[in-house]
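Student: Numbering (the working numbering), first residue to last: 100 to 633.
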């Protein structure tokens with residue numbers, strides 16, 4: 100039996116909603132629960148932290164590479180500098196716990212907002228929660244504490260505001276709120292300095308402007324055509340203002356040229372894992388496939404015509420997801436937002452469908468009735484007190500090193516089973532009474548960020564995963580070396596590698612073992628091996 104909606108304002112403020120419960124559960128799962136291994140699963144976060152701390156220490160943005168020996172002094176675009184500063188502040192205050200706290204906060208807010216929008220758009224609570232879980236599972240492929248998670252939030256917010264703009268105009272609710280017009284260029288001022296995903300926002304706004312223009316040409320009524328034309332004109336100006344706002348960054352138009360060169364480099368795009376197409380062998384990719392199938396079912400079974408704007412967004416989301424696995428999170432969220440209301444409409448219609456089985460009609464009627472009653476209660480619960488208390492409480496614990504009294508509740512760390520934690524500790528210690536070497540360390544590009552986090556500024560890396568910095572030429576040399584292709588020894592000599600930290604059992608590690616006169620094993624464990632040139 101469903102509880103009656105709360106009658107007093109105090110109860111509406113104090114009782115947690117489904118959205119609150121989802122937020123709190125996901126927040127603590129990422130911070131100290133079963134998903135706590137995800138935020139730091141990508142070592143790339145290491146150089147972001149050190150970049151932020153360097154900016155805080157020098158009060159200036161790095162214009163040249165400070166972390167590697169091979170690219171030292173070469174121009175470097177630290178275009179995610181604003182997020183890096185935030186990471187630097189949190190790391191100095193709370194260590195890695197603060198970094199994971201921020202990731203958990205952003206991720207929980209994103210998926211709570213996703214659930215809220217599903218409910219507001221008419222998707223029943225049971226289906227909304229199911230679609231939320233599918234989108235969350237698809238997002239785990241890239242659920243890291245890196246700056247890209249801000250682009251998830253901003254992409255979702257841009258879509259929400261664009262939908263509100265369009266619905267406001269269709270319902271003729273008076274003059275459009277002025278904040279909507281300013282939202283896009285103002286938020287772009289932040290986005291362009293937080294992460295390169297602002298390109299997706301520009302594409303979204305362009306889609307809605309184009310759809311409004313086409314609607315103005317195809318509208319049957321003169322007033323509808325005029326309203327659509329006005330909306331298209333206003334969206335076009337918002338698009339131009341947002342594009343101009345992207346120039347307000349420390350690098351100006353050179354950032355755009357740099358990003359274009361990076362994304363148009365086919366050698367890099369074909370070899371960087373997160374830019375490659377999903378292979379659908381993992382659970383995240385399979386969940387994305389399920390979402391696609393559900394979207395097709397929704398469009399096929401829906402009695403209403405899909406709007407041009409939604410059709411173009413679906414095409415953009417599907418293409419982005421198939422093109423690059425790093426796009427699966429945003430693509431999944433947009434697809435469920437558009438397909439969710441249609442799926443629920445199709446399901447609820449089964450209750451009155453004459454040809455359906457009786458048990459199916461009964462099940463659809465009862466589920467729809469339960470969802471309607473829960474939805475009515477959910478709408479009234481707007482206090483969101485407990486998420487705020489939870490976030491503040493967790494931050495207070497992070498400030499205490501993760502300890503609550505005598506118990507450590509939060510202990511964010513890089514996984515020693517997947518990262519060369521012990522091997523780096525070995526390199527940092529004194530060896531036979533001598534000071535640790537300051538020689539640069541060669542390792543995989545995937546481990547480069549972790550080495551920067553642990554060893555900078557005492558020792559530099561030879562290569563890391565800032566592929567836009569190194570370019571296809573140097574990454575091609577890196578691939579020749581690590582895959583033992585013809586000429587690998589020439590690269591070894593050219594880069595003057597004297598210390599190598601490699602994954603145990605890797606191709607290069609096995610080759611160096613075959614050269615005992617030139618290389619000796621200085622340290623070895625189940626994760627990594629350290630070679631030093633004799």
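Glycine residues also receive a C-beta, built at the ideal position from the N, C-alpha and C atoms.
(1) Could you name each continuous beta strand (DSSP E) segment of 3 residues or more that falls completely within the segment 502-547, going from the start of the chain to the end?
(2) When you compare each of 179, 134 and 170 to residue 144 by their alpha carbons, which one comes out closest?
(3) Would you call residue 369 buried or exposed, if buried means 16 or more other Cβ atoms sit within 10 Å of its Cβ?
(4) If I measure Cβ to Cβ from residue 366 and keep anything under 6 Å in the same chain, skipping five residues before and after, which residues do I get?
(5) Do the segment 320-339 and the segment 293-306 make contact, defined as three or more Cβ pairs closer than 8 Å?
(6) Can you tell me where the beta strand (DSSP E) with residue 379 in it begins and where it stops?
(7) Can you say whether residue 553 is buried or exposed, counting buried as having 16 or more other CB atoms within 10 angstroms of its CB?
(8) Please name the residue in 137, 191 and 164 whose C-alpha comes closest to that of residue 155.
(9) Please report the straight-line C-alpha distance between residue 233 and residue 585, rounded to a whole angstrom.
(10) Just reading off the beta strand (DSSP E) that residue 598 is part of, what are its end residues?
(11) Should residue 172 go down as buried or exposed, given a rule of 16 or more other Cβ atoms within 10 Å for buried?
(12) Let me check understanding here. Comparing Cα to Cα, which of 375, 413 and 538 lies closest to residue 392?
(13) Run through DSSP, which three-state label would residue 555 get?
(14) State buried or exposed for residue 613, treating a residue as buried only when at least 16 other CB atoms are found within 10 Å of its CB.
(15) With a threshold of 7 Å on Cβ separation, who are the neighbours of residue 308 within its own chain once the five nearest residues in sequence on each side are excluded?
(16) Just curious, the beta strand (DSSP E) that residue 61 is in, first and last residue?
(17) Provide the residue(s) that pair with residue 623 in DSSP beta bridges, ordered along the chain.
(18) Can you name, in chain order, every residue of its own chain whose Cβ lies under 6 Å from the Cβ of residue 121, other than the five neighbours on each side?
(19) With H, G and I counted as helix, E and B as strand and the rest as coil, what does DSSP make of residue 618?
(20) Determine the burial state of residue 343: buried for a count of at least 16 other Cβ atoms within 10 Å of its Cβ, exposed for fewer.
(21) Who pairs with residue 163 in a beta bridge, going by DSSP?
(22) Give a yes or no on whether the C-beta atoms belonging to residue 513 and residue 129 are separated by under 9 Å.
(23) Can you grab the Cα-Cα spacing for the pair residue 517 / residue 592, in whole Å?
(24) Have a look at 292, 381, 274 and 299 and flag the residue whose alpha-carbon is nearest the alpha-carbon of residue 185.
(25) Given a cut-off of 9 Å, decide if residue 470 and residue 284 are closer than it, judged by their beta-carbon atoms.
(26) For residue 127, is the classification buried or exposed, using 16 other Cβ atoms within 10 angstroms of its Cβ as the cut-off for buried?
(27) Which of the three DSSP states is assigned to residue 560 in this structure?
(28) Excluding sequence positions up to five away, which residues of its chain have a Cβ less than 7 Å from the Cβ of residue 152?
(29) With 16 other CB atoms within 10 Å as the buried threshold, where does residue 322 fall?
(30) Can you tell me which of 162, 435 and 347 puts its alpha carbon nearest to the alpha carbon of residue 220?
(31) Could you check the C-alpha separation between residue 108 and residue 355 for me, to the nearest Å?
(32) Using the Cα positions of residue 384 and residue 230, report the straight-line distance between them to the nearest angstrom.
(33) Can you check which of these residues, 511, 491 and 490, is closest to residue 500 by C-alpha distance?
(34) If you draw a straight line from the C-alpha of residue 315 to the C-alpha of residue 261, how long is it?
(35) Mapping DSSP to helix, strand and coil, what is residue 136?
(36) Going by beta carbon distance, what residues of the same chain come within less than 6 Å of residue 394, once the five residues before and after it are set aside?
Tutor: Taking the coordinates as given:
(1) none
(2) Taking the chain shown and counting its residues from 1, the one referred to as residue 144 is at position 45. Residue 179 is the option with its Cα nearest to residue 144.
(3) Residue 369 sits at position 270 when you count from the first residue of the chain shown. The residue in question, residue 369, is exposed, as its Cβ has fewer than 16 Cβ neighbours within 10 Å.
(4) Along the chain shown, one-based indexing puts residue 366 at 267. The beta carbon of residue 366 lies closer than 6 Å to those of 571 in the same chain, with the five residues before and after it left out.
(5) yes
(6) Along the chain shown, read from residue 1 onward, the residue named residue 379 stands at position 280. Where residue 379 is concerned, there is no enclosing beta strand (DSSP E), given that its DSSP letter is neither H nor E.
(7) In the chain shown, residue 553 corresponds to position 454, counting from 1. Flag for residue 553 reads buried.
(8) For this step, residue 155 is matched to residue 56 along the chain shown. Selected option, being the one with the closest Cα: 191.
(9) As a position in the chain shown, residue 233 is number 134, starting the count at 1. As a position in the chain shown, residue 585 is number 486, starting the count at 1. Cα to Cα, residue 233 sits roughly 45 Å from residue 585.
(10) Looking up residue 598 in the chain shown gives position 499. 598-602 is the span of the beta strand (DSSP E), which, as asked, contains residue 598.
(11) Start at 1 with the first residue of the chain shown, and residue 172 comes out as number 73. Exposed.
(12) On the chain shown, residue 392 is found 293 positions in, with the first residue counted as 1. Across the set 375, 413 and 538, the C-alpha of 413 shows the shortest separation from the C-alpha of residue 392.
(13) Within the chain shown, numbered from 1, the residue matching residue 555 stands at position 456. DSSP places residue 555 in coil when its eight states are reduced to three.
(14) For the purposes of this step, residue 613 is taken as the residue at position 514 of the chain shown. Looking at its Cβ environment, which holds fewer than 16 other Cβ atoms inside 10 Å, residue 613 is exposed.
(15) For this step, residue 308 is matched to residue 209 along the chain shown. Within the same chain, residue 308 has close Cβ partners 331, 334, 335 and 338.
(16) What the structure shows of the chain is the stretch from 100 to 633, and residue 61 is not part of that stretch, so it cannot be assessed.
(17) Here residue 623 corresponds to residue number 524 of the chain shown, with the count starting at 1. As computed with DSSP, residue 623 is found in a beta bridge with 628.
(18) In the chain shown, the residue the question calls residue 121 occupies position 22. In the same chain as residue 121, and ignoring 5 residues on each side of it, the C-beta atoms closer than 6 Å to its own belong to 211 and 214, in chain order.
(19) Numbered from its first residue, the chain shown carries residue 618 at position 519. If DSSP states are grouped into helix, strand and coil, residue 618 belongs with the strands.
(20) Taking the chain shown and counting its residues from 1, one reaches residue 343 at position 244. The residue in question, residue 343, is exposed, as its Cβ has fewer than 16 Cβ neighbours within 10 Å.
(21) Numbered from its first residue, the chain shown carries residue 163 at position 64. For residue 163, which the question treats as bridged, DSSP gives the partners 174.
(22) Stepping through the chain shown from its first residue, residue 513 is reached at position 414. Stepping through the chain shown from its first residue, residue 129 is reached at position 30. Their beta carbons are not under 9 Å apart, which means residue 513 does not touch residue 129 by this criterion.
(23) Here residue 517 is taken as the residue at index 418 of the chain shown, counted from 1. Here residue 592 is taken as the residue at index 493 of the chain shown, counted from 1. Straight-line measurement puts the Cα of residue 592 at about 29 Å from the Cα of residue 517.
(24) By one-based count along the chain shown, residue 185 stands at place 86. Of the listed residues, the one whose Cα sits closest to residue 185 is 292.
(25) Residue mapping note: residue 284 aligns to position 185 of the chain shown, counting from 1. Residue mapping note: residue 470 aligns to position 371 of the chain shown, counting from 1. No, Cβ-Cβ distance for residue 284 and residue 470 is not below 9 Å.
(26) In the chain shown, residue 127 corresponds to position 28, counting from 1. It counts as buried.
(27) Along the chain shown, read from residue 1 onward, the residue named residue 560 stands at position 461. Of the three classes helix, strand and coil, the one that applies to residue 560 here is strand, per DSSP.
(28) Counting from one through the chain shown, the residue named residue 152 turns up at place 53. If we look at residue 152 and ignore the five residues flanking it on each side, its Cβ neighbours are 187, 190 and 191.
(29) The residue you call residue 322 lines up with position 223 of the chain shown. Residue 322 should be labelled exposed.
(30) Reading the chain shown from its first residue, position 121 is the one you call residue 220. Residue 435 is the option with its Cα nearest to residue 220.
(31) As a working note, residue 108 is residue 9 in the chain shown. As a working note, residue 355 is residue 256 in the chain shown. Cα-Cα distance, rounded: 50 Å.
(32) In the chain shown, the residue the question calls residue 384 occupies position 285. In the chain shown, the residue the question calls residue 230 occupies position 131. Going from the Cα of residue 384 to the Cα of residue 230 covers about 15 Å.
(33) Here residue 500 refers to the residue found at position 401 when the chain shown is read from its first residue. When only C-alpha atoms are compared, the closest one is 511.
(34) By one-based count along the chain shown, residue 315 stands at place 216. By one-based count along the chain shown, residue 261 stands at place 162. Cα to Cα, residue 315 sits roughly 17 Å from residue 261.
(35) Within the chain shown, residue 136 is the residue found at index 37, counting from 1. Residue 136: coil per DSSP, three-state reduction.
(36) Reading the chain shown from its first residue, position 295 is the one you call residue 394. Once the five neighbours on either side are set aside, the close Cβ partners of residue 394 are 434 and 438.
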